Every structure is written in structure tokens, then in C-alpha cells.
DNA sequence: GATGAAGTGTTGTATATACAACATTTTATC
DNA sequence: GATAAAATGTTGTATATACAACACTTCATC
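Protein chains in written order, with my numbering: chain A, 22 to 249; chain B, 22 to 249.
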């Protein structure tokens with residue numbers, strides 16, 4: 022028994038882009054997705070945990086964090102509604118999550134066995150093909166995202182890291198003022214620097230007129246990100 | 022007219038993993054791959070250049086470098102025989118190469134139009150499906166690779182970066198002594214640090230017995246990389 | 001609106017890295 | 001095996017970051 026509303030949610034998910042309702046229904050009937058609710062700040066998947074299901078975000082946001090043996094933590098990215106969790110993991114040969122997934126807000130997730138999902142090819146090969154195409158696109162975009170992150174981390178000064186990151190987000194949002202959905206501590210983790218140093222640097226950059234910010238809202242003045 | 026030898030090369034390529042010779046032939050007949058030779062240190066694809074074909078390495082090695090507007094360069098990875106170039110790029114919506122690809126040695130590449138390759142589904146849907154599956158696996162492994170790189174770059178001290186990198190390679194190679202196929206200058210670029218600082222650090226690490234090295238061959242003593 | 005908790009700003013010291021400039025070693029080529 | 005070119009090692013100075021410790025501000029909750 023699949024809730025009607027689940028069909029609607031999945032229809033809007035990137036993995037099922039271009040799917041008709043009846044096709045989503047077919048997928049649901051075949052894979053029997055499971056829904057699960059999480060409160061804020063709960064662990065959804067532990068780093069290193071074996072993963073067999075993909076997760077689709079129905080509501081809320083999920084934060085992906087990688088912990089290091091020295092105790093440091095590093096924020097990889099923040100997933101939003103409609104996005105797919107663990108798609109990279111289930112495609113690798115290791116099948117263990119390289120990072121922890123935590124609920125950043127209360128959230129509701131839909132889990133689907135990836136193995137089962139692919140078996141839909143037996144019933145309807147065309148559906149499987151389209152899922153694979155969407156999947157490739159998602160993975161490729163994920164690759165681009167990671168390359169952006171590497172772009173940020175490859176900068177040798179903190180100011181360069183901040184400017185690179187902000188200009189990437191500005192480009193994505195299409196506005197000079199935007200919300201980065203991280204507080205300063207998380208921002209520091211994302212940039213892989215000490216929090217207090219980031220605080221100082223941000224203030225300096227504000228004083229010198231490069232940026233402005235208030236809580237999680239930033240404004241970037243001028244500065245072009247992309248090379249070439 | 023497809024050279025027999027090309028079939029053999031493609032059969033061993035990761036994108037066509039599990040394909041029979043006759044299936045490769047079918048792919049070749051349909052897509053008409055083009056072969057091209059490069060001398061050492063030639064540009065294969067410029068950063069920012071639109072890309073429509075994937076490349077498969079028949080022989081030689083290709084180095085992927087990202088150039089920044091400030092003049093810095095960063096080595097992303099080194100591709101070897103049988104690996105696929107630009108698979109990530111052709112799957113994104115931008116279709117422009119995020120990095121430059123240069124021949125590190127004399128090399129020979131086989132180019133295939135990605136659009137054409139996918140159209141093989143019209144003729145033989147099963148082939149397309151298997152290509153898509155292999156493609157997803159390659160992209161996912163690429164994601165893991167980039168995460169490793171982020172792991173390295175997220176370290177705050179150079180020694181940690183070096184140890185993290187070396188232990189990843191050691192794990193991959195399964196030996197304590199291995200060739201990293203980069204000289205010191207390239208290694209510094211990969212780690213995103215100043216070359217002379219790397220030289221000093223490597224010497225120090227050798228003196229303190231953490232590592233040993235000679236040219237591009239490194240030995241890593243002890244040290245575990247993975248957390249958890 | 002008091003209270004505590006979370007987030008942000010500030011300071012100081014120790015350490016690490018960038019960068020430039022040059023010395024030395026290794027490698028390739030004739 | 002002489003020569004130039006490439007790669008690696010070394011030094012010194014300026015600057016940036018890490019880390020700890022604490023002050024201040026904002027926010028949520030009662």
C-alpha cells in the first residue's frame with residue numbers, strides 16, 4: 022500500500038526525472054519503498070556502515086560529514102529535498118558509506134533497495150535505462166560538485182578559499198546575496214580551517230569591503246571565480 | 022574499417038568490461054571510433070573546452086590538471102591504459118572540461134562520440150544498459166577517488182597530507198613500497214603546497230623514519246590511513 | 001525577561017607554510 | 001664524459017594558520 026503522496030514526492034526527485042505517475046507507481050509496486058522519519062541531529066547512516074538502499078529526501082535537510090581519525094570533522098555537503106542519498110556508495114564495489122549522514126533538521130526519507138530497483142529491468146527495461154541515465158547524470162553532477170570543493174581546498178590562503186566558495190555559490194544561486202545554510206563553525210569545517218581564524222578573516226574581509234554577511238547570509242561584491 | 026587490435030584494446034577497457042568481442046565489434050561498427058596519437062607533453066583537451074567524445078587510452082598516460090586564475094595549477098589525477106577520459110564531462114549539463122588533459126608520455130587514444138554511443142540502444146538496448154552500468158561504476162569510483170583527494174587536502178599539516186596520500190596509495194597497491202608516478206613538483210601540485218616546502222618535509226619525514234623515498238618510489242612505514 | 005546554551009568575536013603565542021633565491025644533484029643529449 | 005637542462009635540496013624572511021582561552025552576542029526556552 023503506497024501513499025499517494027509518496028508518488029508525488031518521488032515524481033519530483035532527481036532520480037526519477039521525466040517519469041510519469043504511472044511509471045513511479047510501477048517502481049513503487051516493484052520495490053516497496055520504506056519511509057522513515059528523523060528528528061533533528063540524528064544519525065541516518067554511520068561512516069563506514071554498509072549501505073544497500075538509496076535514500077530520497079521527502080522533507081528536511083541532511084548533512085554529510087566525514088570524520089578523521091585525529092578527531093577533525095569535515096563537511097562534505099548538504100542534501101536537500103528531492104535529492105538522493107548514498108547513490109555513489111551503492112554503485113561502488115565497497116558498498117560502505119565514506120561519510121556519516123545526519124539530519125540537519127527534522128526530516129522524512131524514502132528508502133529504496135538499490136538492488137531491487139535495478140531488477141526492474143526484468144519487468145520494464147526502458148524504466149531501468151532511464152533510471153540509469155538519471156543516475157549517471159546525478160553522479161556526474163556530484164563529481165562536478167566535488168571538483169568545486171577541491172577547487173576551494175586547493176587555495177593556499179583562507180581568503181582565497183572563502184572567495185572561491187562564495188563565488189561558486191553566487192553563481193549557482195544567481196544572486197549576490199545568498200544563504201549558505203551553514204553556520205560559521207560548519208563553514209570552517211567545510212573550508213577545513215580553524216573556526217576562530219575564519220571568524221577573524223570574515224571580519225577583515227567585511228572591513229575591506231569584499232563581502233558582507235549576517236548570520237548565514239552572505240553578500241559577495243565583485244570577484245570572478247572561474248578561470249580561463 | 023576497424024583494426025582488429027582496436028577490438029582487443031576496447032575489450033580490456035573498463036567501460037566495456039564484460040563485453041564479448043562480437044559486442045565490441047558491434048559498438049565499433051556503430052560508433053566508428055577514431056584513433057589519435059600524441060607525443061609527450063601535448064595538450065589533448067584544454068580546460069573549458071566543449072567535449073562531446075570520450076577517450077579511451079590505448080597506450081601511454083594522461084595527466085589531468087586544473088589551472089587557476091592566479092596561475093597556480095593543481096594535478097587532479099593520472100589516467101592509465103584502458104581508462105576513460107571525459108566520461109564525467111559528457112554526462113554533465115555543461116559539457117565543458119573542468120580540467121586540462123595532457124599526455125604525460127607518448128600516447129595513443131581512441132575517441133568515441135558519447136551521443137552516438139548511447140544511440141546504440143536503438144539497435145541493441147541490452148548493450149546500452151551494460152554500458153550505462155559500467156559507466157555508473159566508473160563514475161562512482163571516480164567519486165571515491167575525489168573523496169580521497171579531499172581527504173588529503175582537508176588535512177591541516179603537510180605531514181598529514183603526505184601520510185594520508187601515501188597510505189591511500191599503499192592500500193591501493195598492496196605494498197609498502199610503490200611508485201607514485203609523479204615527480205616532486207607534481208606531487209607538490211597534487212598536495213597543493215609549495216614545492217620547496219614539500220622537499221623539506223619529505224626529508225624530515227625520512228630522517229624521522231616515517232618514510233623512505235628515491236625518485237618517484239616511496240616506502241611508507243606503519244601509519245594507518247582509514248579512520249574508524 | 002531571566003537563564004543557559006549556542007554561536008560569534010578577540011587576543012596571544014607557537015608553529016607551519018609561502019615565496020624567493022640559490023646550491024646541489026640527477027638526468028638527458030650530444 | 002662534457003654540457004645543459006631538469007629535478008631536488010637548502011636557507012632565510014614574511015606571513016598565515018592552529019590552538020587555547022576567554023569575552024561578547026544572539027537565540028531558544030521556560
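Even glycine gets a Cβ: it sits at the ideal position worked out from N, Cα and C. Model, not experiment: these values are computed from the prediction.
What is the DSSP secondary structure of residue i, counted as helix, strand or coil?
i: residue 22 (chain B); result: Residue placement at residue 22 (chain B) is flagged as unreliable, the pLDDT there being 48, under the threshold of 50; a coordinate-derived value is accordingly withheld.
i: residue 117 (chain B); result: strand
i: residue 54 (chain A); result: coil
i: residue 107 (chain A); result: coil
i: residue 29 (chain B); result: helix
i: residue 124 (chain A); result: strand
i: residue 223 (chain B); result: helix
i: residue 62 (chain A); result: coil
i: residue 86 (chain B); result: strand
i: residue 134 (chain A); result: strand
i: residue 76 (chain B); result: strand
i: residue 200 (chain A); result: strand
i: residue 217 (chain B); result: helix
i: residue 241 (chain A); result: strand
i: residue 231 (chain A); result: coil
i: residue 34 (chain A); result: coil
i: residue 249 (chain B); result: For residue 249 (chain B), the predicted structure reports a pLDDT of 30, less than 50, and the residue's modelled location is therefore unreliable. The matter cannot be settled from this model.
i: residue 95 (chain B); result: strand
i: residue 175 (chain B); result: coil
i: residue 40 (chain B); result: coil
Mind checking whether residue i and residue j have CB atoms under 8 Å apart?
i: residue 99 (chain B); j: residue 202 (chain B); result: yes
i: residue 109 (chain B); j: residue 164 (chain A); result: yes
i: residue 139 (chain B); j: residue 77 (chain B); result: no
i: residue 191 (chain B); j: residue 241 (chain B); result: yes
i: residue 167 (chain A); j: residue 168 (chain B); result: yes
i: residue 155 (chain A); j: residue 38 (chain A); result: yes
i: residue 36 (chain B); j: residue 159 (chain B); result: yes
i: residue 123 (chain A); j: residue 63 (chain A); result: yes
i: residue 226 (chain B); j: residue 150 (chain A); result: no
i: residue 55 (chain B); j: residue 132 (chain B); result: yes
i: residue 157 (chain B); j: residue 220 (chain A); result: no
Between the options, which lies nearest to residue i when the distance is taken from Cα to Cα?
i: residue 59 (chain B); options: B:149, B:27, B:115, B:126; result: B:126
i: residue 238 (chain B); options: B:187, B:87, B:213, B:84; result: B:187
i: residue 235 (chain A); options: A:205, A:218, A:216; result: A:205
i: residue 34 (chain A); options: A:89, A:225, A:101; result: A:101
i: residue 53 (chain B); options: B:64, B:63, B:28; result: B:28
i: residue 81 (chain A); options: A:217, A:57, A:93, A:87; result: A:57
i: residue 230 (chain B); options: B:243, B:61, B:218, B:221; result: B:243
i: residue 199 (chain A); options: A:40, A:220, A:232, A:226; result: A:232
i: residue 218 (chain B); options: B:128, B:189, B:193, B:183; result: B:183
i: residue 93 (chain A); options: B:194, B:189, B:93, B:181; result: B:181
i: residue 257 (chain B); options: B:103, B:79, B:69; result: Residue 257 (chain B) cannot be examined here, being either before or after the span of chain B that is shown, 22 to 249.
i: residue 215 (chain A); options: A:228, A:185, A:189, A:95; result: A:95
i: residue 128 (chain B); options: B:141, B:103, B:61, B:189; result: B:61
i: residue 44 (chain B); options: B:141, B:79, B:185, B:195; result: B:141
i: residue 26 (chain A); options: A:41, A:79, A:40; result: A:79
Since residue i and residue j should fall inside the 8 Å C-beta cutoff, what is the C-beta to C-beta distance between them, to a whole number of angstroms?
i: residue 114 (chain A); j: residue 71 (chain A); result: So it is not a contact: roughly 12 Å between Cβ atoms.
i: residue 105 (chain B); j: residue 135 (chain B); result: No, residue 105 (chain B) and residue 135 (chain B) are not in contact; Cβ-Cβ is about 10 Å, not under 8 Å.
i: residue 85 (chain B); j: residue 120 (chain B); result: 5 Å
Exercise. At a cut of 8 Å, does the segment 140-156 of chain A reach the segment 35-49 of chain A through at least three beta carbon pairs?
Worked result: Contact between the segment 140-156 of chain A and the segment 35-49 of chain A is established, with three or more Cβ pairs separated by less than 8 Å.
Problem set entry | Inter-stretch contact (C-beta, 8 Å, three-pair minimum) for the segment 202-219 of chain B and the segment 173-190 of chain B | With contact defined as three or more Cβ pairs closer than 8 Å, the segment 202-219 of chain B and the segment 173-190 of chain B are in contact.
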